[in-house]
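Worksheet: one structure, shown below.
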Amino acid sequence: MKKYRERIADVILQERLEAKGAVLIEGPKWCGKTTTACQIAKSSILIQDPAKKKQYIKMAEIDPTLLLEGETPRLIDEWQLAPQLWDAVRFEVDKRDSFKQFILTGSATPARDSVISHSGTGRISRMMMRPMSLFESGDSNGSVSLKELFEFSKNIAVKSDINIRRLSFLICRGGWPKAIDQSEKIALRQAYDYYDAVVESDIRIADENIRNPQRVKLLMRSLSRFIASDAKVTNIKADMITNDNDSLDEDTIFKYITALKSIFVVEDLPSWSPNLRSRTAIRTSDTRHFVDPSIAVASLGIGPADLLNDLNTMGLLFESMCIRDLRVFAESLEGTVYHYRDKSGLECDAIVHLRNGAYALIEVKLGGSEIEDAARNLLALKGKIDTSRMKAPSIMMVLTGTEYGYKRDDGVYIVPIGCLKN
């Protein structure tokens, strides 16, 4: 049996269970939700089990409480296949009046309907799991801790073990647990298999009216070309029409994107609205991203060699990989990741904003030649922030694909992605 690799989510799940009667782990298929939950669960019910699925769903309709019996915490895997279980869990948590009772996992967000009468607020804590960060997969040496940089400023002198060829592979491999420690061919196959499953079947879990896999492929390909940009639906429509003779309306494209979001394939990056010293119009459009950059790679039908021959595309996909890792790390720090762009053209690829008000300004750059411009951007944005109304940034960082990490005289950290951890 393959040895379990520790996940950042392990600690988050344990902490949430200590404070709530139930925890819902959401995230894309194949990212390791069930495996992580099984490390803590004392009993389980796997709704997806083909031999028992129909029986479980029928039982959930008749008397869902029978499915909740068992040693706690009890895992209910893919609960959304029997949505009656949501209200049953909420009621049972109230009745038992105890923490650490249930773990639910879900790879899709079911539509709120008459079957689910209550949001679960106050009883069921939610957490998001994503594919592995480079630190979790063992590719980052973890010599720079984001948490420690938030707590105190310090000098760093670190070295990444990841070169440009390895980076191109890691982008294409993605953070899928099944891809880790495999041969290159098998590892790269996982993202393509995931993509095929989304296109051919999984998207219909979110919207049964989506029955044209070719349209889904075209949309995902277009989203991949616009990765790390704030492309509007009109731009996506124009791009798709060049590859599809049939007419496409914007409502249909929006419906497809919504479906991809509900199965955690698409995870756009929201905009950040800080308090500024002067009036500046901030662009509020989300930045386009998949939950893992390997999905874009599979959508485009490319591999590591293609990225090395197109460093512009590699740079955008590298940015998306860094956003994935920052989101994984932020989850453990009770933070959220945003982006910033204003009408003057000033932008910042990632802002990690913690619940306590502390935040990090982060620019992502694949190569060393862009570091100077990135540092200037960070300092310019810092200068715009009204520190009488909000804190000054705790961290200014250029996250890179380069080898060495250090702290500059102006306070900007240069950190290779191969050195970062939560």
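Under the numbering used here, read the sequence shown as residues 102 to 523, first letter to last. The beta carbon of each residue, even a glycine, is placed where N, CA and C say it ideally should be.
Asked: Would you tell me roughly how many angstroms separate the C-alpha atoms of residue 383 and residue 479, rounded to the nearest one?; Found: 16 Å
Asked: Please report the straight-line C-alpha distance between residue 306 and residue 513, rounded to a whole angstrom.; Found: 45 Å
Asked: What is the rounded straight-line gap between the Cα of residue 352 and the Cα of residue 359?; Found: 10 Å
Asked: Please determine if the stretch 174-187 and the stretch 332-342 are in contact, where contact requires at least 3 C-beta pairs separated by less than 8 Å.; Found: no
Asked: How long is the line joining the alpha carbons of residue 115 and residue 191, rounded to whole angstroms?; Found: 19 Å
Asked: Whole angstroms are fine: how far does the CA of residue 487 sit from the CA of residue 437?; Found: 21 Å
Asked: As an exercise, report each continuous alpha helix (DSSP H) stretch of at least 4 residues that is fully enclosed by the stretch 364-425, in chain order.; Found: 394-401 and 405-409
Asked: Suppose the cutoff is 6 Å on Cβ atoms and the five residues either side in sequence are ignored; what does the same chain contact list for residue 250 look like?; Found: 496
Asked: Kindly indicate which residue of 364, 459, 110 and 493 has the alpha-carbon position closest to the one of residue 298.; Found: 364
Asked: Could you pull out every residue in the same chain whose Cβ sits closer than 6 Å to the Cβ of residue 122, ignoring the five residues on either side in sequence?; Found: 194, 200, 202 and 224
Asked: Given a threshold of 16 other Cβ atoms within 10 Å of its Cβ, counted over all protein chains shown, does residue 112 qualify as buried or as exposed?; Found: exposed
Asked: Is it true that the stretch 364-378 meets the stretch 391-407, where meeting means three or more beta-carbon pairs spaced less than 8 Å apart?; Found: yes
Asked: Return the chain-ordered ranges of every beta strand (DSSP E) run that is complete within the stretch 152-198 and spans a minimum of 3 residues.; Found: 175-178
Asked: Closer than 8 Å: is that where the CB of residue 176 sits relative to any heavy atom of the ligand ZN?; Found: With respect to the ligand ZN, the structure offers nothing, as it holds no ligand at all.
Asked: Taking residue 305 as part of the beta strand (DSSP E), name the residues at either end of that continuous run.; Found: No beta strand (DSSP E) contains residue 305, which is instead part of the alpha helix (DSSP H) from 304-307.
Asked: So is residue 236 buried or exposed if we call it buried at 16+ other beta carbons inside 10 Å?; Found: buried
Asked: Decide if residue 209 is buried, meaning its Cβ has at least 16 other Cβ atoms within 10 Å, or exposed.; Found: buried
Asked: CB-CB under 7 Å to residue 482, same chain, minus the five flanking residues each way: which ones, in chain order?; Found: 441, 447, 449 and 462
Asked: Whole angstroms is fine: what's the gap from residue 400's alpha carbon to residue 231's?; Found: 19 Å
Asked: Could you tell me which of 429, 165 and 494 sits nearest to residue 523, measuring between CA atoms?; Found: 429
Asked: Can you tell me where the alpha helix (DSSP H) holding residue 314 begins and where it ends?; Found: 314-326
Asked: Given a threshold of 16 other Cβ atoms within 10 Å of its Cβ, counted over all protein chains shown, does residue 381 qualify as buried or as exposed?; Found: exposed
Asked: On the premise that residue 499 lies in contact with residue 472, defined as a C-beta separation below 8 Å, what is that separation, rounded to the nearest angstrom?; Found: 5 Å
Asked: According to DSSP, what are the bridge partners of residue 486?; Found: 377
Asked: Given a cut-off of 9 Å, decide if residue 278 and residue 131 are closer than it, judged by their beta-carbon atoms.; Found: yes
Asked: Excluding the five sequence neighbours on either side, which residues of its own chain have a C-beta within less than 8 Å of the C-beta of residue 228, listed in chain order?; Found: 110, 113, 114, 117, 124, 125, 126, 127 and 432
Asked: Who are the Cβ neighbours of residue 258 in its own chain at under 7 Å, not counting the five residues just before and after it?; Found: 507
Asked: What does DSSP give as the partner residues of residue 473 in its beta bridges?; Found: Bridge partners of residue 473: none, in fact.
Asked: Could you pull the DSSP bridge partners for residue 449 from this structure?; Found: 441
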